[in-house]
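Using UniProt numbering, you'd call the opening residue of the sequence shown number 1 and step up by one each time.
The beta carbon of each residue, even a glycine, is placed where N, CA and C say it ideally should be.
Taking it in order: structure first as structure tokens, then the write-up.
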Amino acid sequence: MPRTRPRPTPSLSRYWNSYVGHCAGSVMRFRRITAALPPGPARSWLTEIAQRLDAELEAVRRLATVGDSIEPAWFWVRIQPAKRIAHRLDTARIAFADAVSQAAEVAEQVALDPAHNDVRAHLEVLSRQASQLALAPPPAEPEPEPERRWWLRRGTG
Numbered sequence: 001m002p003r004t005r006p007r008p009t010p011s012l013s014r015y016w017n018s019y020v021g022h023c024a025g026s027v028m029r030f031r032r033i034t035a036a037l038p039p040g041p042a043r044s045w046l047t048e049i050a051q052r053l054d055a056e057l058e059a060v061r062r063l064a065t066v067g068d069s070i071e072p073a074w075f076w077v078r079i080q081p082a083k084r085i086a087h088r089l090d091t092a093r094i095a096f097a098d099a100v101s102q103a104a105e106v107a108e109q110v111a112l113d114p115a116h117n118d119v120r121a122h123l124e125v126l127s128r129q130a131s132q133l134a135l136a137p138p139p140a141e142p143e144p145e146p147e148r149r150w151w152l153r154r155g156t157g
């Protein structure tokens, strides 16, 4: 199993590169967890899921590139299409972290009791989620806040 370091894309601005870096770090942790398992069905299944995570990571890189082309940024974005992509990437970042957490649960169960039935249930859930991370439809956008008016109070008298 090849060991890869998170590969942020140097051509992206800091804001978009952070999403790629977080997701790449999650994939790297997922692969380390997988490598720590003894050979067997759980390790084989996690290896297959890790390959899907690699494909999802490439989708994250593509989305970040699109976001960066719309609005390169250091700390935040202001343009609506860029905000939509950022929201989607934030959802993907959370999903990648959740995949790592679930892989850690599977590894813990395998270490304690390799024949435990919960391992298979966790693997099935993780398998379904892994194919929907970055490519999932974007979440619903929140309603825009109404513009606030600041009223000047004039003193009477």
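Using a Cβ-Cβ cutoff of less than 7 Å, which residues in the same chain neighbour residue i once the five nearest sequence positions on both sides are dropped?
i: P72; result: S13
i: P81; result: I70
i: L63; result: I85, R88, L89 and A134
i: Y19; result: V60, A64, L89 and R93
i: W74; result: S13, R14 and Y15
Would you identify the three-state DSSP class for residue i, choosing helix, strand or coil?
i: F96; result: helix
i: E48; result: helix
i: R78; result: coil
i: W16; result: helix
i: E71; result: coil
i: P39; result: coil
i: D54; result: helix
i: D113; result: coil
i: S11; result: coil
Using only alpha-carbon positions, find the residue among the options that is nearest to residue i.
i: W16; options: R52, M28, R43 and G67; result: G67
i: I70; options: A103, H22 and I85; result: I85
i: G21; options: T65, A42 and L37; result: T65
i: Q102; options: I49, Y19, L63 and L57; result: I49
i: R128; options: A99, R61, R32 and V110; result: A99
i: S11; options: P41, R61, R29 and A92; result: R61
i: Q51; options: F75, D113 and R31; result: R31
Excluding five sequence neighbours on each side, which residues of the same chain lie with their C-beta closer than 8 Å to the C-beta of residue i?
i: residue 158; result: As displayed, the chain neither begins before 1 nor continues past 157, which places residue 158 out of reach and without an answer.
Is it true that the CB of residue j sits closer than 8 Å to the CB of residue i?
i: L57; j: L46; result: no
i: A97; j: I33; result: no
i: V110; j: A42; result: yes
Using C-beta distances below 6 Å, list every residue in its chain close to residue i, excluding the 5 sequence neighbours before and after it, in chain order.
i: V27; result: L53 and L57
i: K83; result: V77
i: R29; result: V100
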